[in-house]
Each structure stands twice: as structure tokens, then as C-alpha cells.
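Working notes, beginning with the structure itself.
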Amino acid sequence: MEGMVEAGEYPKRKISAFMYAATVFSSLGSFLFGFHTGGISSAIPLIKYRIGIDHVWQESIVSITIGAAAVSSLVGGTISDCFGRKFTMRCSSMFFLLGSIVFIAANEKITLLVSRTLLGFATGFACASVPLYIAECSPTHSRGVLLSLNSVFITGGNFISNFLCAAFSSYVDNGWRIAFAFSCLPPAAQLFAFCYLPESPLWYIEHGRFYDAHEALRKLRPNSIEATREFELLKAKNEQDELEFLSKAGKPTMWSMLRNSKLLGLCLVGWCLFAFQQICGINVVLYYSATIIQMAGVNTVNISLWLAAASSGIYLLCTVLSMPLVERFKRRVLILSSSLMVFISLLVIATGFHFVSATSLPVTTYETWDKSETCSLLTTCDACVSSSRCGFCYTEQGHSSSFVNGSCAPRMRETNEYAAIGRCSSLLKNRGNFIWAPEWCPSSYAWIPVVGLLFYVLSFAPGLGIMPWIINAELYPQCLRSAGISMATTANFVFNLIVTLPFLTVVDYFGKAGTFYFLAIASLAAFLCFFLFLPETSGKHILSQFVPSWPAYENDKKHFGRRSSFSDSANFRYMRIRGHNQQFYNEDEMSE
């Protein structure tokens with residue numbers, strides 16, 4: 001073995017059909033992740049009419065999935081190391097199937113929580129194993145594109161669930177059950193496909209199963225020559241990693257990463273990527289998109305669900321269109337551009353909500369003679385709907401832009417469909433042109449937050465959406481990659497929980513505009529942090545050893561645009577093995 005040298009870009013190669021199949025079927029776990037975590041946004045407005053839930057229950061139903069995923073993703077890393085990536089994905093499929101059945105059958109709040117907990121365990125196992133499996137099976141020249149398929153499946157699951165909820169929203173009582181019944185099909189297909197897909201060749205090598213590793217590579221690569229050469233490279237490099245990282249620490253563990261200063265630096269990079277992904281508010285937008293659109297003033301559940309489906313559809317489209325950019329531009333360029341545009345879009349959303357609140361309709365009619373009652377003390381529509389106990393009742397005069405006779409009335413405890421008393425109660429609502437708005441205020445400025453929401457998903461997808469998953473799959477030494485990804489995905493879910501759990505409560509306390517102004521400030525902080533500290537990982541072999549250098553932007557001053565022909569030696573080191581890995585490097589280029 002020789003010393004460390006710089007590496008040029010790898011020559012273009014074909015991707016085998018079996019490699020595509022392995023990516024697609026393993027990514028069904030990510031599809032279900034997006035389906036159940038993002039799709040709950042559109043299911044909640046329908047569930048409210050069937051099972052009365054307030055903001056606390058809504059936050060719990062949404063967030064318990066994320067809490068369970070945080071726990072299972074941490075455990076999933078250990079399971080993946082001990083029993084294999086494929087075994088962990090099988091566990092995920094079974095939990096998805098069981099959780100979906102319980103969710104469809106739920107008639108009570110507690111049953112909903114149980115089903116969402118099971119789905120959370122499934123989500124954690126999927127996130128700890130799917131990107132790891134794809135990264136370890138993929139050839140270097142197409143790893144970024146194949147890993148971006150994982151993100152496409154997440155956003156695709158989100159879009160499909162929102163679309164189905166909107167399509168079946170006319171069935172108020174059971175529309176969400178019909179929509180989520182479709183989620184039973186992907187885990188069944190995945191369990192069947194795993195009978196034929198190989199285990200990760202790198203996992204086989206780590207466990208001394210060299211024959212199985214070679215056979216797996218022969219299935220995943222276009223020809224046996226390439227498979228044999230890559231097998232020799234993987235085997236030799238794994239031995240070097242074990243000598244460097246494990247000679248003193250023994251068996252690789254998460255704690256061994258945290259005790260090593262260089263590996264701790266890698267962990268911090270991975271954690272910050274996912275932390276800022278969540279703090280910038282993507283899952284707030286995905287989980288509560290229908291609610292946010294209703295808050296903006298869209299007064300029909302069906303329309304709000306279709307707009308939520310449209311926003312998730314745009315997110316999916318942008319993620320798909322971003323795939324060619326992954327290997328064409330540097331990771332830093334994409335994530336920095338994305339952060340800046342997200343900042344602008346969040347400012348638009350916040351400003352729109354500010355106008356909606358500033359022009360809120362006044363309360364001019366009282367539903368009860370008891371002026372000391374909580375709802376009777378509120379003087380505007382915005383203040384009224386901000387209370388979990390109250391809703392706004394009004395009438396339209398002439399055109400829809402003229403709203404009059406507004407009143408603040410208490411909500412029914414069992415359902416949000418009617419007011420407890422007054423003109424919008426179940427007894428009187430159908431006798432006049434009364435409109436009951438428990439979550440929104442009618443406003444001529446409702447279009448501003450909706451446009452900002454669409455621009456947000458357009459901006460988020462190419463960088464903050466897919467880059468954290470790709471970069472985290474590229475950062476860590478092979479012998480510790482599973483532990484690194486496991487801790488990073490746990491950080492993802494922890495910050496997801498921190499942001500989404502109190503969202504509606506924070507909105508009640510700080511207002512809609514104030515909440516989104518805070519998210520805008522967070523996205524600006526993400527831009528500055530990435531600009532200063534995020535290193536470049538594009539074009540590097542999966543077995544590369546990463547060495548952090550701060551600030552990272554110093555390495556990109558001369559070529560901060562499209563990818564250069566050579567990597568930054570300050571950030572990465574590579575090993576050349578004579579007689580084995582010439583196919584990855586051009587000898588003439590490396591000698592320059």
C-alpha cells in the first residue's frame with residue numbers, strides 16, 4: 001500500500017438494472033416515511049371531523065411518530081451492524097404494515113397514538129438503513145444520483161398521501177381511512193422484493209463473508225471484472241480502516257466515534273446538517289401545510305387539502321429536477337443557494353401572515369349575553385381563532401370579498417364542525433348563510449402565505465432537502481458508517497420533534513407571523529454556518545477518509561461553482577492500492 005494521494009473524478013459508467021431495482025425497492029421504506037409523516041398533514045383536518053382533537057392532541061399525534069423514530073433510528077444502527085441492512089429494512093416493512101392497519105381501524109385518540117407510535121418505529125428503522133444500504137451498494141460515479149432517489153421517494157410518499165386525502169376528502173367520515181389503506185401495499189411489495197435483493201457487500205466484508213460480498217457485487221455491477229476489482233478495493237480498505245480506527249478501541253461503537261476528535265468532527269457536521277434542515281421548518285410546512293393554508297384564510301377543507309397536495313407535488317417535482325444537479329454542481333453550492341432562497345420564502349410567508357393579522361375582521365356580533373365568557377372577550381377574528389376554545393362565525397354579503405356580522409363563539413368539544421352555541425351551531429348553521437371558521441380568518445391577503453409556501457418548497461428541495469442525506473452517507477469511515485448515520489438520523493428526528501411538537505402552541509403564543517419570522521432567522525443562520533464550516537464531498541469514493549478543515553470555504557475560493565477536475569486535498573485523503581484500483585484513478589492525472 002502506498003501513501004495518500006489526490007484523486008481525479010471517476011470515469012462515467014453504466015448503472016446495472018439490478019442496482020436500480022435495489023435502490024427502488026429499498027427506497028420504498030423512504031416512501032412510507034414520507035407517506036405517514038407528511039401525509040398526516042392532510043389527514044388531520046379529516047380526522048378532526050370524525051374524532052374531535054384539539055391542538056395538544058394534534059401535536060401529539062403528529063409528533064409521537066417522530067419521537068418513536070428518534071429512538072428506533074438509534075437502535076436501528078446497532079441492529080443494522082449486527083444483523084445486516086436488509087434485516088433492518090425488513091423490520092421496518094413489518095412495522096409499517098402493522099402500524100398502517102391499526103391507523104386505518106382507529107376510532108379513538110389512544111388508538112391513533114398507538115398506530116402512530118408503530119409507524120414511528122418503522123420510520124426510524126428505515127432512515128437508519130435505507131440511505132446506508134444505497135450508499136454502500138452504489139458505484140461512486142452515480143452514488144449522489146441514487147441517494148437522491150431516496151429523497152425523491154420521501155417527497156413522493158408525501159405527495160401521494162396528500163393527493164389521496166384530497167381525492168377522498170368528500171368522504172368526511174372515512175376518507176382518510178381509504179387514503180391510508182393504500183399504504184399497506186408498499187411494505188408488502190418490499191418484503192417480497194427482499195427475498196431476491198442482496199445484502200450490502202460492505203456489510204458482508206465487515207463480517208468476513210468475502211464470497212457473499214463478491215457475489216453481491218456481481219449482481220450489482222454491470223460486469224464481473226468491475227465487480228472483482230471493486231471487491232479487492234473494498235476488502236483492502238476495510239482492513240486499513242480497522243487498523244486505524246479500531247486497533248485501540250476494539251469493536252466499533254457510537255461511543256468510540258465520540259471519543260475520537262476527528263470522528264467527533266464528522267458527527268458534528270452530520271448533526272448540523274440535519275439540525276438546520278429541521279430548524280428551517282420543512283417538516284412544519286409538510287406536517288401542517290393544510291393547517292397553515294387554512295390559517296391563511298382558505299375557508300374550505302377540500303380546497304386547503306388540494307393546495308397542500310399542490311405544495312407537496314411541487315416539492316416532489318423540484319426534488320426530481322434536482323437529481324441531475326447533484327453530480328453536476330458541488331454539494332456546497334446547492335445547499336448554500338437553497339438556504340438563501342428558503343430565507344426569502346419564509347420572509348414572504350411571515351409578511352403575508354402579518355397582513356392577514358393586521359386586517360383581521362372585528363367582532364361585531366355576540367352569540368351570548370354573558371360578556372364575561374372567554375370567547376366574548378375577544379375582539380378580532382385573529383384573536384378568536386388563536387384560542388383553542390373559540391372559532392369565528394360570519395356571513396358573506398354579496399361577493400365573497402365582503403365579510404360581515406362576525407362573532408366569536410365557543411367550539412364544540414367533540415368536533416370542530418360546529419360552534420357550541422349561536423348562529424353556527426348544529427341547530428342553526430344550515431338556516432342561514434353562516435360560515436364557521438374554527439382555524440382561519442377570511443382575508444383578501446390569503447394568497448401571500450400560499451405563494452410563499454409554494455416558493456419555500458421550490459427553494460428547499462435542491463439543497464436542504466436532499467443534501468443532508470447524501471452528505472451524511474459520504475462522511476464516515478466504512479467501519480463506523482452505520483453508527484454515524486444512525487446518530488445523524490437520530491439528531492434529525494430529535495430536532496424534528498423540537499420544531500414540530502410545539503408548533504401550534506408557539507403559533508398560539510407568538511402568532512403566525514412571529515413564528516415564521518423566527519424560522520427565517522434560523523435559515524439565515526444555516527446559510528452562515530454552512531458557508532463557514534461545511535466541507536465539500538462531491539466526487540469522492542465511498543471509502544475516502546474525511547479530514548475536517550475549518551473554515552471550509554477556504555478550500556472553495558478558487559472554484560466555488562461547477563465542480564473542478566480535482567478534489568480538495570485539504571479535506572480528503574485517498575489511498576491507492578497497486579494492482580487493484582487502477583480503474584478508479586488516472587495515473588497520469590494523479591502524477592501531475
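For the record, in the sequence shown the residue sitting at position 219 is 219 according to my numbering, with numbers rising by one throughout.
Yeah, the Cβ is synthetic: ideal placement off N, Cα and C, and Gly gets one too.
Remember, predicted model here, so these are calculated numbers, not experimental data.
Around the Cβ of Q58, a 10 Å sphere holds 16 or more other Cβ atoms; the residue is buried.
Here DSSP, grouped into helix, strand and coil, assigns W436 to strand. Within a 10 Å sphere around the beta-carbon of T505 sit fewer than 16 other beta-carbons, which makes this residue exposed. In the displayed model, N405 falls within a strand according to three-state DSSP.
Within the same chain, A491 and F495 come within 7 Å of A275 by CB-CB distance, once the 5 residues on both sides are set aside.
By the neighbour-count definition (other C-beta atoms within 10 Å, threshold 16), C82 is an exposed residue. Taking a 10 Å sphere around the C-beta of Q190, we find 16 or more other C-beta atoms and assign the residue as buried. For the 7 Å CB-CB criterion, N158 and G38 form a contact. The C-alpha of I279 lies about 14 Å from the C-alpha of Y456. Residue range C390 to E396 is occupied by the beta strand (DSSP E) that includes G391. With three or more CB-CB distances shorter than 8 Å, the segment 435-449 counts as touching the segment 386-397.
Here T365 has N405 and S407 as same chain residues with Cβ atoms under 6 Å from its own Cβ, once five neighbours each way along the sequence are excluded. When the beta-carbon positions are compared, T88 and F125 come within less than 7 Å of each other. Taking every protein chain shown into account, the CB of G34 has 16 or more other CB atoms within 10 angstroms, so this residue is buried.
Take L97, set aside five residues on each side of it, and the residues of its chain with a beta-carbon closer than 7 Å to its own are C184, P187 and A188, in chain order. The Cβ atoms of F403 and P442 lie closer than 7 Å to each other.
Its Cα nearest to that of R332, the residue L534 stands out among F493, L534, F163 and I104.
Rounded to the nearest angstrom, the gap between the Cα atoms of S388 and A17 is 53 Å. Just so you know, the alpha carbons of E417 and T515 end up roughly 27 Å apart. With fewer than 16 other beta carbons inside 10 angstroms of its own, A358 counts as exposed.
DSSP lists no bridge partner for T117. In this structure, W176 is the residue among F355, W176 and R143 with its C-alpha nearest to the C-alpha of I40. Comparing C-alpha distances from A193 to each of L146, T23 and H141 shows the shortest one belongs to T23. In the three-state reduction of the DSSP assignment, T359 falls in the coil class.
P477 carries a coil assignment under DSSP once its states are collapsed to helix, strand and coil.
Under the DSSP assignment, P535 falls outside any alpha helix (DSSP H); it carries neither an H nor an E label. A residue is called buried when at least 16 other Cβ atoms come within 10 angstroms of its Cβ; E367 meets this threshold and is buried.
DSSP places Y204 in the uninterrupted alpha helix (DSSP H) bounded by P201 to E206.
Rounded to whole angstroms, A166 and G156 show a C-alpha spacing of 15 Å. For the options T65, E396, A179 and S27, the alpha carbon positioned closest to that of Y133 is the one of S27. With 16 or more other Cβ atoms from the protein chains shown falling within 10 Å of its own Cβ, K48 counts as buried. A distance of 7 Å or more separates the beta carbons of G452 and S339. By alpha-carbon distance to P502, the top candidate from I79, A128 and G281 is G281. Sorting A525, G484 and G511 by C-alpha distance to the C-alpha of V75 places G484 at the top. Beta-bridge pairing by DSSP links P139 to no other residue.
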